[in-house]
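J.:
Residue numbers (our numbering), protein chains in the order written: chain A, 22 to 259; chain B, 157 to 638.
1. Which class does residue 159 of chain B belong to by DSSP, given the choice of helix, strand or coil?
2. Based on DSSP bridge pairs, tell me the residues matched to residue 470 of chain B.
3. Is residue 281 of chain B buried or exposed, if buried means 16 or more other CB atoms sit within 10 Å of its CB?
4. Have a look at the DSSP bridge pairing and note the partners of residue 92 of chain A.
5. Taking Cβ positions only, does residue 574 of chain B come closer than 8 Å to chain A?
6. Identify whether residue 266 of chain B lies in helix, strand or coil by the three-state DSSP scheme.
7. Note down the Cα distance separating residue 158 of chain B from residue 182 of chain B, rounded to an integer number of angstroms.
8. Report yes or no: do the stretch 269-280 of chain B and the stretch 444-459 of chain B share at least 3 C-beta pairs separated by less than 8 Å?
9. Does the beta carbon of residue 257 of chain A come closer than 8 Å to any beta carbon on chain B?
10. Would you kindly work out how many angstroms separate the C-alpha atoms of residue 165 of chain A and residue 159 of chain A, rounded to a whole number?
11. Given that a residue counts as buried once 16 or more other Cβ atoms are within 10 Å of its Cβ, and exposed if not, what is residue 180 of chain B?
12. What are the complete alpha helix (DSSP H) segments, minimum 4 residues, inside the stretch 116-147 of chain A?
13. Just the chain A side, please: which residues come within less than 8 Å of residue 597 of chain B by C-beta, in chain order?
14. Just to confirm my understanding: we take residue 55 of chain A, look at its own chain, exclude 5 residues before and 5 after, and list those with CB closer than 6 Å. What are they?
15. Going residue by residue through the stretch 332-413 of chain B, where are the continuous beta strand (DSSP E) segments of at least 3 residues, counting only ones entirely within it?
16. Which class does residue 451 of chain B belong to by DSSP, given the choice of helix, strand or coil?
17. What in chain B is Cβ-close to residue 153 of chain A, meaning under 7 Å?
18. Buried or exposed, going by whether 16 or more other CB atoms sit within 10 Å of the CB of residue 247 of chain B?
19. Assign residue 551 of chain B to one of two classes, buried (16 or more other C-beta atoms within 10 Å of its C-beta) or exposed (fewer than that).
20. Between B:380, B:479 and B:530, which has its C-alpha nearest residue 430 of chain B's C-alpha?
21. Extract the residue ranges of the alpha helix (DSSP H) inside the stretch 184-250 of chain B, only unbroken runs of 4 or more that lie entirely within it.
22. Using 10 angstroms around the beta-carbon of residue 568 of chain B, count the other beta-carbons present and answer buried if the total reaches 16, otherwise exposed.
23. Give a yes or no on whether the C-beta atoms belonging to residue 69 of chain A and residue 559 of chain B are separated by under 8 Å.
24. Kindly list the residues whose CB is nearer than 6 Å to the CB of residue 22 of chain A, restricted to its own chain and excluding five residues on each side of it in sequence; keep chain order.
25. Of the residues A:154, A:172 and A:171, which one's Cα is nearest the Cα of residue 187 of chain A?
26. DSSP puts residue 167 of chain A in a beta bridge; with which residues?
27. Below 8 Å on the Cβ atoms is my contact criterion, and I expect residue 246 of chain A with residue 581 of chain B to pass it. Report the Cβ-Cβ distance as a whole number of Å.
28. Please tell me whether residue 261 of chain A and residue 39 of chain A are closer than 8 Å, where the distance is taken between their beta carbons.
29. Going along the chain, which residues of its own chain have a beta-carbon closer than 7 Å to the beta-carbon of residue 519 of chain B, five neighbours each way excluded?
30. To the nearest angstrom, how far is the alpha carbon of residue 383 of chain B from that of residue 413 of chain B?
31. Measuring only the C-alpha atoms, how far is residue 251 of chain A from residue 148 of chain A?
32. Report yes or no: is there a C-beta of chain B within less than 8 Å of the C-beta of residue 194 of chain A?
33. Short check: CB of residue 392 of chain B to CB of residue 444 of chain B, under 8 Å?
34. Closer than 8 Å, Cβ to any Cβ of chain B: which residues of the stretch 205-227 of chain A, in chain order?
35. Among A:122, A:232 and A:224, which one has its Cα closest to the Cα of residue 93 of chain A?
In structure tokens:
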């Protein structure tokens with residue numbers, strides 16, 4: 022299968038290993054991975070801030086870039102939700118509506134794609150350690166992704182997976198919310214990180230690097246002992 | 157709470173600074189809501205199919221909200237036929253004046269009031285007190301808040317933020333009672349005061365959970381029996397209810413009452429569910445001599461006129477969205493500075509009280525969607541927050557923020573420029589420690605409390621390019637070897 026990667030802007034610059042891990046996992050499964058060089062950002066930051074016209078102008082660019090993709094694979098549930106759920110709303114009643122819907126239909130979140138499109142759960146990965154999984158809210162509630170990442174992690178040899186308390190509580194990232202209301206965002210991070218610490222896990226794994234930026238940012242500042250990993254990084258480990 | 161003169165947004169930010177770090181209060185609220193969640197999960201599980209129940213409830217409310225004129229008039233007809241009076245109040249002032257004039261005309265001296273968020277919404281108590289009437293809140297939580305001189309903290313659990321010892325201290329100070337740690341004793345103290353208030357009152361004011369059109373009745377749901385005494389003992393009963401509370405028929409309550417109880421408190425049914433159909437009828441021995449229903453619009457029709465967000469009028473004020481909201485749990489109810497706290501309040505307050513003044517509430521959300529997921533009547537709560545943000549910008553963009561997003565979009569539409577700019581990310585990361593957490597730090601709002609990740613030397617783009625080149629080289633080598 023030809024898989025076209027969407028690597029969100031912040032993963033491109035800050036977490037390149039997440040993208041490369043996705044490439045490794047997909048290539049091991051025998052798929053052709055492509056990465057259109059002209060992709061930039063999904064447009065979620067201005068969209069969430071209320072600047073839909075600006076978001077549209079960015080989104081139009083991505084519609085064009087991914088026009089010929091068969092599968093658009095997103096390494097972030099949040100950007101995946103932007104494509105899948107919010108593009109159709111953003112272009113509702115506009116000439117690009119059909120293109121936005123087509124774009125949405127071929128977009129997949131990484132774990133959902135592996136489990137529910139490819140039917141793969143065991144990637145032959147090995148990762149030694151105790152870990153807990155954090156559900157990014159956009160993946161969880163906009164895309165309905167809950168079981169797929171867990172099924173994948175259950176097949177990772179050496180990995181002990183423990184659920185944290187209040188697992189479905191938001192980490193407090195929320196995009197620009199994190200800097201517009203830093204006091205609330207930080208309080209939410211603290212609650213989340215305390216749930217993580219209570220599991221005594223060495224690692225917190227998520228399918229969304231934006232949550233991990235928040236969780237890791239708080240943990241590094243305050244604790245320093247729990248490491249953050251993207252699901253793809255764990256699945257690519259041997 | 158902060159002073160009234162402060163702009164709502166400033167008040168919110170200032171209060172959030174304080175409440176988000178109030179560890180004692182945050183823990184108390186989380187504990188209380190964790191008990192709620194346990195009860196709710198247990199009760200919710202007894203529904204054969206919660207999702208279908210929720211969509212059936214949404215269908216009932218959709219029908220009612222989209223035919224408000226028909227159902228409200230049907231209610232009025234049936235209710236007045238039994239001697240009730242209906243007053244249509246367009247705004248707070250009309251509602252307040254109607255009640256004040258009625259009280260004056262009937263020579264009312266003291267008033268007892270059961271829980272009504274509409275009363276908070278129109279600032280009824282201050283108006284009644286200013287006009288010289290004694291008003292006593294009869295719901296225990298509301299009574300405590302009234303003694304404390306504070307607005308309700310949560311529109312279902314008014315004093316959920318208070319510990320038992322704080323309530324005991326309050327009673328000691330205001331009522332002169334002895335300290336106690338026993339909840340029953342605390343309740344008995346309030347009960348003694350409140351029993352007197354029912355007997356003394358000439359007027360009882362209530363809210364209403366549902367207005368039933370086909371029987372012309374008002375449905376009130378409660379756990380303490382205080383509403384029954386409030387509306388049953390005084391000679392005049394006034395129910396102040398939002399127009400969106402109407403449902404087409406009595407049968408609808410067979411679903412809505414258990415759903416309200418489950419979502420609101422985790423109960424199968426609340427302790428008392430009463431239907432009030434009019435004043436005392438000939439031959440009856442109890443009940444009020446007069447029964448007035450004040451139907452409150454107060455900008456609900458503004459929300460009705462918005463087809464995108466009209467479903468916010470489905471709200472049955474169960475408070476479930478507050479109970480699951482991580483923002484509410486961390487900043488508490490008073491920080492919102494408004495009658496309706498939490499996610500649903502952040503959706504409707506900009507419609508009720510002005511978008512520009514209250515848009516910050518829609519901004520103060522991580523959009524996690526826990527509210528929408530839990531809502532028993534299927535309101536698209538967190539997406540409405542996005543729509544409020546959009547509407548606020550369309551109406552009046554903020555010049556500086558507008559410029560930021562225009563520049564952002566300019567960059568993101570130009571891949572070459574974007575690629576060029578992102579090459580500086582590693583350099584930025586290297587220099588960032590020099591200015592981190594100083595006034596020059598562009599991400600200080602982040603770095604004050606959290607570490608910012610540093611950009612590795614090679615972006616994904618460049619790594620992928622190298623990876624592809626390596627693969628191509630390997631293939632051509634293989635080809636060459638043949």
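For every residue, glycine included, the Cβ atom is placed at its ideal position computed from N, Cα and C.
T.: This is what the structure holds:
1. Summary for residue 159 of chain B: the model assigns pLDDT 49, below 50, so the residue's position carries little reliability; its value from the coordinates is reported in the next sentence. For residue 159 of chain B, the secondary structure class from DSSP, reduced to helix, strand or coil, is coil.
2. Beta-bridge pairing links residue 470 of chain B to no other residue.
3. Buried: at least 16 other Cβ atoms inside 10 Å.
4. The partner list for residue 92 of chain A (beta bridge, DSSP) reads A:24.
5. Chain A contact via Cβ: present.
6. In the structure shown, residue 266 of chain B sits in a strand (DSSP, three-state: E or B).
7. Per-residue confidence for residue 158 of chain B stands at a pLDDT of 45, beneath the threshold of 50, marking its modelled position as unreliable; the derived number appears in the next sentence. Residue 158 of chain B and residue 182 of chain B: Cα-Cα distance of roughly 19 Å.
8. They touch, by the three-pair rule.
9. It does not: the Cβ of residue 257 of chain A has no partner Cβ on chain B nearer than 8 Å.
10. Computed Cα separation, rounded: 8 Å.
11. Its Cβ having fewer than 16 others within 10 Å, residue 180 of chain B is exposed.
12. Whole alpha helix (DSSP H) segments, 4+ residues: 118-126.
13. Contact annotation for residue 597 of chain B against chain A: no contact, minimum CB-CB distance about 11 Å [criterion: below 8 Å].
14. For residue 55 of chain A, where only same-chain residues beyond five positions count, the Cβ hits under 6 Å are 25.
15. Taken in chain order, the whole beta strand (DSSP E) runs of length 3 or more contained in the stretch 332-413 of chain B are 359-362, 366-368, 373-378 and 392-398.
16. Strand, per DSSP.
17. Correct list: empty, because the minimum Cβ distance to chain B is about 18 Å.
18. Result: exposed.
19. Residue 551 of chain B comes out exposed.
20. Of the candidates B:380, B:479 and B:530, the one whose C-alpha sits nearest the C-alpha of residue 430 of chain B is B:380.
21. Here the runs fully enclosed are 206-222 and 224-237.
22. Residue 568 of chain B is buried by the Cβ-count criterion.
23. At a Cβ-Cβ threshold of 8 Å, residue 69 of chain A and residue 559 of chain B do not count as neighbours.
24. Excluding sequence neighbours, residue 22 of chain A sits near 52.
25. Relative to the Cα of residue 187 of chain A, the nearest Cα in the group A:154, A:172 and A:171 belongs to A:154.
26. None; residue 167 of chain A has no bridge partner.
27. Taking C-beta atoms under 8 Å as the contact rule, residue 246 of chain A and residue 581 of chain B fail to qualify, at a distance of about 27 Å.
28. With chain A covering 22 to 259 only, the question about residue 261 of chain A has no answer from this structure.
29. Hits under 7 Å: 545.
30. Linking residue 383 of chain B to residue 413 of chain B through their CA atoms gives a straight-line distance of about 16 Å.
31. In a straight line, the C-alpha of residue 251 of chain A is about 13 Å away from that of residue 148 of chain A.
32. Residue contact check for residue 194 of chain A against chain B: a CB pair falls below 8 Å.
33. Yes; because the gap between Cβ atoms is below 8 Å, this pair is in contact.
34. For the stretch 205-227 of chain A, the set of residues with a beta-carbon nearer than 8 Å to any beta-carbon of chain B comprises 205, 206, 207, 208, 209, 210 and 212, in chain order.
35. The option with the nearest alpha carbon to residue 93 of chain A is A:122.
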